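**Student:** This is the structure I want to talk about, given as structure tokens.
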Amino acid sequence: INIYIPINDKNWFFFTYTRGTMKSVSSFDDFNDFIVDLKDKDRKPPIKDDENPYMFFPASERIKDNFMAHITKINEKKEPEDFNEDVTISNDEEFREETEQETIEEETEESNVEEEIMLEEVEETEAIIKEEENINEEAIEENKEEEPLEVLEEENIEETNEELLEENVEESEEINAGEENTEEENLNTEEELLEEKVEETEEINFEEELLEEAGETNTEEELLEEKVEETGEEIKEEIKKENQNSEEEIKKEETKKEEKTKNDLQKKDPKEKEVKKKELKEETEEEDLLEEEELLEEELLEEEEEEG
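The sequence shown maps to residues 490 to 797 in our numbering.
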């Protein structure tokens, strides 16, 4: 499919449809000249169904002239229409035959024109390919001329490398002589360092012995403290047991007193009963306070013993 789009007298564009190959076309300010980069044909794969196979680029002068000639031929064959005349057709079959022949002739002419245009395009592309091949051959010849220069450069590089190796050997000999002197100095310094380390180790061992002796004394003190703590805990437990027993005895006595008082109150008046109940409550509260004070004093004594 070829489509020509005239923008003005000078600038035309040529629109093509290609399937199976990919050609990239580029142009700049001059719309009448175009460049086909055929190297992209090797780099890019064929167009797939999902891709766009259309191209749009400026048309050349030859394509424009051929297209204009084709259009003039078509316009010359057309007759001007007269809207005032009544055109009547006797036989529909004759009219159909004439129209079919005209369409066939037009299609053949159009196909011939398109073939000519395509041939011209192929010739132009072949000419571009030949120019590129000539450019590549010239570049290869230039590379061949530059090869002997590269050989000379390699020889010069080898000579410079040999000179550098000799200089490096001399420098290495000087360095080795200096290293021997430095090794002797290093040996002397190492002996001095060893003597210092021996003295330091002796001092460390002496300090460790002192620490071990001090640690033994500390362990004895810790054992004594542990024994004191154990005895204190045993004493606390014994005191608690005694207090519990005494509390139980006191409670028993109180219950007995309360029973007696209840029996007595049952025998006496209700007023006297209330008075005695109050007295019993006060006595029990006083006894409870005394017991709490005794317990607090015992706890304070135990804490003082532990601190001592």
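By construction, the Cβ of each residue, glycine as well, lies at the ideal position given by its N, Cα and C atoms.
Quick caveat, the model's predicted, so the values are computed rather than measured.
#1: Count the C-beta pairs between the stretch 720-735 and the stretch 765-776 that are closer than 8 Å, then say yes if the count reaches three, no if not.
#2: Assess contact between the stretch 554-569 and the stretch 595-608, defined as three or more Cβ pairs (one per stretch) separated by less than 8 Å. Is contact present?
#3: Can you list, in chain order, the residues of its chain with a C-beta nearer than 6 Å to that of residue 519? Leave out the 5 residues immediately preceding and following it.
#4: Are at least three pairs of beta-carbons, each pair with one atom in the stretch 774-788 and one in the stretch 732-747, less than 8 Å apart?
#5: Classify residue 524 as helix, strand or coil using the three-state DSSP reduction.
#6: Please report how far the alpha carbon of residue 746 lies from the alpha carbon of residue 778, in whole angstroms.
#7: Since residue 606 contacts residue 564 with CB under 8 Å, what's their CB separation in whole angstroms?
#8: Distance check for residue 694 and residue 684, CA to CA, integer angstroms please.
#9: Could you tell me how far apart the beta carbons of residue 551 and residue 615 are, in whole angstroms, since I believe they sit closer than 8 Å?
#10: Going by Cα to Cα distance, which pick from 686, 643, 720 is closest to residue 794?
#11: Give the straight-line distance between the Cα atoms of residue 712 and residue 718, rounded to the nearest whole angstrom.
**Tutor:** This is what the structure gives:
#1: no
#2: yes
#3: Low confidence applies here, because residue 519 scores a pLDDT of 40, under 50, leaving its location unreliable; read the following figure in that light. Closer than 6 Å at Cβ, skipping near neighbours: no residue.
#4: yes
#5: Confidence at residue 524 is low in this model, with a pLDDT of 41, below 50, so its placement is unreliable and no value can be given for it.
#6: 18 Å
#7: Contact flag wrong, Cβ pair sits at about 19 Å.
#8: 16 Å
#9: That belief does not hold up - the Cβ atoms of residue 551 and residue 615 are roughly 14 Å apart, past 8 Å.
#10: 720
#11: 10 Å
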